[in-house]
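Numbering of the sequence shown is given in my numbering, commencing with residue 38 and proceeding in unit increments.
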Amino acid sequence: MTAAKISAACAPWVRTRLRTAPGITAALAVLVFLTAFLAAAFPRAVDAYGTKALRHDISTASPGQSVLEVTTPPPSLAVPRPAREEVLRDRPRAEVDRALLKDLPAPVRADVPRSSYGVHTAEPIVAQESWLPRPDALPPRLHYAVPSALREHSALAGGRWPVARGEVTAATREVEAAVTEETAAELKMEVGSTIAVPTQGGKPLTVRITGLVTPLHPKSGYWSVDPLYRAPSLVPDPGSPTPVSYWTATLLLAPDTGPALLATTGEPELYWRIAPDPSGLTAADAPGLRDAVASLENGPGLLKLRALVGPNTTLTTDLDALLDAYTAMGAAIGPVVTVAAVGIGAVAAVVLLMTGALIGARRHHELALLRSRGGSLRGIGGRLLAETAVAVLPAAALGLLLAVLVIGEARWWPAVVGAASVAALVCVALPLRTTLHHRRPLLHGAREDVVHAKPSRRRTVAELTLLVLAVGAVAALRRRGTTTGSDADLLVSSAPVLVGLIAALVLVRFYPLPLRLAARPVARLRGAVGFLSLARAGRASTSGTLPLLALLIALTTAAFGGSVLAGVADARDDAALRAVGADARISGENVGLTAVPDSMTRAVRAMDGVDDVAAVRIEYSVPLAAALDARSDTERATLLGVEPESYARLARGTGLPALPAGLLKAGGGQDEVLPAIASPEVAKVLGDGPRTIASEGGDITVRVAAVLSRTSAVTDSGFLVVDSAGLVTQRPTTLMVTGPAPDAGELRAAAKDAGQFTVRLRAEKREAFVDTPMQSGAERIYGAAVAAGAGYALLAVLLSLLQTAPERRTLLARLRTMGLTTRQGRRLLAFEAMPQALLAASGGLLVGWATIALLAPGVDLAALALAGGESGSPISASLRADAWSLALPAVGVVVLAAAVAGVQAWWAGRRGSIKELRAGDTR
């Protein structure tokens, strides 16, 4: 008889577990959600700022750099003249233009409204008209062009649009043209003017000016690839033995008049100027774009162009140089950003493992019971995997979705890999760790504390291996730096993490020693709280290595990120100070040695936000010899005439080396030897004795009284500072302004009222060093790394304390029955939490500082800090330990540990002790 199948009387496991512990499940889901968001957001952020930087670099470059210009000469003389004329007409050129734009290799795409084509003379033709201006008695040399869509790119300012009268051929002897208003004003052209252009047949071609036009977008490629389309230019004559110049300009002929240029001597040339469209480009397209441009210049793409346009076709562009600069900046910034990514990834992984350990510890007795009643490791692991996946997978998917919504225009797969890695780590680590812990029966009561635990041989070998890896990573980073190669080296990028890991292992090894030493004197004291707290800290589980590891890596990452941001800020401040010399600078240097009027000096001193004004006279290229002895090869320097006291205040206010004002003061005699402060190079030339030099107002005698490597008013390395009272000409040429917030508008208004003076502000110069989204994006990533590192450090402390919370509650309940007061209970828990918190905080401070000191020589921040910054520049751009990034997270760890311990003691005091004192409870 077959028994009827009876349905199971038990509820589904996963649903039951989720209902039993919804708080733990929700907390795990939130942690996975935030970590998956960070893991997905990082690669998308890198892609996003790379994409923005690529588009920014191409769109802000001058058209002369970014435009792809295709040129070809007309067919040879062996081709019949009608066929040669047909090639230069508008319709065939428009057909070629459409074919070119259609057949561009991906990812090159054309911005059609900004692209143009036409015919122009490659060589200028001398214009002999007597009414044309002739500087240095040289006649102007003019170009002639037939550009497409002239009416769409300009507005008629006078006369009428030029048109073609009938069918224009090489035999046509009169055509109409337009010129821009700037060209007409400089070359004295007007509507109705005619220019006779020499031809190969003898009879000149007459070009009649019928209209004056104004460019609608003067900076667009239509007018800027060849600036002569927009405005004339004075060009020095390279063939003349004397420096003489002549005018050159371009006349814009009527549409469909290109064949007339075949008769001239200007070597007509067909051109197609293709403006690239960066709107659809992404960072991933940069290598393909570089290869496509190279192919069009000298490769298979050029062969296709020649098959389409003509056998002598060439393509010229500087777009490849822009892409090279973009790639170089990405290669310099990428490894520095990877260091932050590796650090945050490592601490996030450790915190996730800690979370799994906390959940496993809470369920230890439950799973041990299942195991004792016949539960298999596979069955227990499968159930844990199922209940973990139910919470983790949706949370990871939501984190990925949020990253996609917050950060657009980036690749999908790196973000998916990041979020999936987080989900896989949690789903695999929690069941695996928990089931392996129950693979064999566990004896109750065995002590596994840090004092009595002895490291195994396997652990020793593993620690030594990690030590070797850390030493190798630090050595490689110091020797090779972060700018070697285009790809980030994972071992080099892991150097801060490996240093933190080694420090954690070392601290765990030495952690029992101070506890033993401290317990001896405390044991002799009357109170039991101190001894109990140290005993409890010493009996902490050996699993406490994981929180300590998380804390040290998090604190090291936060310190490293803060040092990067501090180094970037210092480099920009230093570069801005070198460029300006003070908080603001007013000078007439661009128009010679223009003296600053006293009225402007008084007006600037009276402005709000101005603390002090130093008036300086600056004379450049002063011979370091008497006027009669000066020759072309005489050493020269920049002479600064200053008022010693105000210039010394300027040096102190800007943080530059102190200027000894007392040594600089002149006595006032006519033939007195002036004490001078010189740069090392100038001091070497002048020597120790008196030396006569030729200043602007006459010879002066100076003696080097002190040597400084740098001064405020000039950036070059050859300078000489003297008291202006000893100069023949004492009027200042520059005002150096210091103050918390000098008003740029007021300064420029005062400079404008006084004449031709320029105003430069240190704050504006500093902002100019960030000119690409790649720099600002990398800075934001490092700011997020600092915040995430600090957050994970605090979370590690919280998880560590929560893991031992049940044991603490039981301890307090038992001690309360022995007479322990509430106040003593709070002190006991606080003192028990302090040793590990102080160890982690102090260790984090030391390890963070040591990591920065070790890695600083190999980390180059020039590309990240300065626009176009390169290693080897005189401006320092290196890591600097930031006190706030070192101290704040460490203090936060201690404060949080004390706060959590106090909250635990308060909460335990409010609850009854019945549950913790149940008979048979072995906790």
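Here a beta-carbon is modelled for each residue, glycine too, at the ideal position from N, C-alpha and C. Source: prediction; values computed, not measured.
How is L676 classed by DSSP in three states: helix, strand or coil?
In the structure shown, L676 adopts extended strand secondary structure according to DSSP, grouped into three states.
For D610, collect the residues of the same chain with a Cβ closer than 6 Å to its Cβ; drop the 5 residues on either side in sequence, then sort them by chain order.
Result list for D610: empty, nothing under 6 Å.
Taking the C-alpha atoms as reference points, what is the distance between A326 and G678?
Looking at the sequence itself, residue 326 is Leu, so the reference to Ala does not match. The alpha-carbon atoms of L326 and G678 are separated by roughly 54 Å.
Less than 8 Å between the C-beta atoms of A466 and L390, yes or no?
The answer is yes: Cβ separation under 8 Å.
Would you list, in sequence order, the uninterrupted beta strand (DSSP E) runs of no fewer than 3 residues that lie entirely inside the segment 685 to 754?
List check, beta strand (DSSP E) in window: 711 to 715, 728 to 732, 735 to 744.
I need the straight-line Cα distance from L831 to P533, nearest angstrom please.
Straight-line spacing of the CA atoms in L831 and P533 works out to 19 Å.
Measure the Cβ-Cβ separation of L898 and A924 and say whether it is below 8 Å.
Against a cut-off of 8 Å, the Cβ pair of A924 and L898 comes out as no contact.
Tell whether a beta-carbon distance below 8 Å holds between L538 and L503.
Between L538 and L503, the gap from beta carbon to beta carbon is short of 8 Å.
Please go through the segment 245 to 287 and give each complete alpha helix (DSSP H) segment of 4 or more residues, from N-terminal end onward.
Counting only runs of 4 or more, we get 258 to 261.
Pop quiz: F794 and I623 are said to be a contact at Cβ under 8 Å. What is the actual Cβ separation, rounded to whole angstroms?
Indeed they touch by this definition, with Cβ atoms about 5 Å apart.
Helix, strand or coil: how does DSSP classify D1 here?
Summary: the structure shown does not reach residue 1, with the chain confined to residues 38 through 960, and so no result is reported for it.
Please state whether the Cβ-Cβ distance between L289 and L138 is less than 8 Å.
For L289 and L138, no; Cβs fall outside 8 Å.
Close beta carbons around T392, own chain, < 7 Å, minus the five adjacent residues each side:
Excluding sequence neighbours, T392 sits near L65, L68, L836.
By the DSSP assignment, the beta strand (DSSP E) with D760 in it spans what residues?
Run containing D760: 756 to 760, per the beta strand (DSSP E) assignment.
Going straight from the alpha carbon of A405 to that of H474, what length do you get?
A405 and H474 have their C-alpha atoms roughly 10 Å apart.
Measure the C-alpha to C-alpha separation of T251 and R799 and round it to an integer number of angstroms.
So the alpha carbons of these two residues sit roughly 37 Å apart.
Looking only at its chain, what residues have a beta carbon closer than 7 Å to the beta carbon of S658, apart from the 5 residues adjacent to it on each side?
Same-chain partners within the cutoff: R673.
On the three-state DSSP scale, how would you describe R609?
R609: helix per DSSP, three-state reduction.
Please report the straight-line C-alpha distance between A942 and G929, rounded to a whole angstrom.
Across the structure, A942 and G929 are spaced so that their CA atoms are roughly 20 Å apart.
Terminal residues of the beta strand (DSSP E) in which W309 lies:
Bounds of the beta strand (DSSP E) holding W309 are 305 to 311.
For M855, is the classification buried or exposed, using 16 other Cβ atoms within 10 angstroms of its Cβ as the cut-off for buried?
Classification of M855: exposed, given that the 10 Å Cβ count is below 16.
For the segment 169 to 240, list the beta strand (DSSP E) runs that are entirely contained and at least 3 residues long, ordered along the chain.
Scanning the segment 169 to 240 from its first residue to its last, the whole beta strand (DSSP E) runs of 3-plus residues come out as 178 to 184, 191 to 196, 211 to 217, 231 to 234.
What ranges does the alpha helix (DSSP H) occupy inside the segment 60 to 125, keeping only unbroken runs of at least 4 residues that lie completely in it?
Runs of alpha helix (DSSP H) with 4 or more residues, each lying fully within the segment 60 to 125, are found at 100 to 103, 118 to 124, listed in chain order.
Residue range of the alpha helix (DSSP H) that P468 falls in?
450 to 474 is the extent of the alpha helix (DSSP H) around P468.
For A651, which of D760, A192, G412, A321 has the nearest alpha-carbon?
With respect to the C-alpha of A651, the residue from D760, A192, G412, A321 having the closest C-alpha is D760.
CA nearest to the CA of G238, picked from P313, S99, L298
Comparing Cα positions, the closest option is L298.
Quick one, are the C-beta atoms of L700 and A742 less than 8 Å apart?
Their beta carbons are under 8 Å apart, which means L700 touches A742 by this criterion.
Just reading off the alpha helix (DSSP H) that T364 is part of, what are its end residues?
Run containing T364: 356 to 399, per the alpha helix (DSSP H) assignment.
Segment limits, alpha helix (DSSP H) that includes G436:
414 to 443 is the extent of the alpha helix (DSSP H) around G436.
Could you tell me which of E123, R399, S316, V281 sits nearest to P843, measuring between CA atoms?
Per the C-alpha coordinates, the member of E123, R399, S316, V281 positioned closest to P843 is R399.
Considering only C-alpha positions, which residue in the set L693, T775, L784 is nearest to T752?
Here the closest residue by C-alpha is L693.
Coarse secondary structure for S531, derived from DSSP in three states
Coil, per DSSP.
Spatial neighbours of R785 in its chain, beta-carbon cut-off 7 Å, leaving aside the 5 residues before and after
Excluding positions up to five away in sequence, the list reads V796.
Buried or exposed for P468, going by 16 or more other Cβ atoms inside 10 Å?
Counting Cβ neighbours within 10 Å, P468 comes out buried, since at least 16 surround it.
Residues near G522 in its chain [Cβ-Cβ closer than 6 Å; skip 5 each side]:
Its pLDDT being 47, under 50, G522 is placed unreliably in this model, and the value from its coordinates should be taken loosely. Within its own chain, no residue has a Cβ closer than 6 Å to the Cβ of G522 once the five positions on either side in sequence are excluded.
Reference T729; option with closest CA among A662, L91, A787:
Comparing alpha carbon positions, the residue from A662, L91, A787 closest to T729 is A662.
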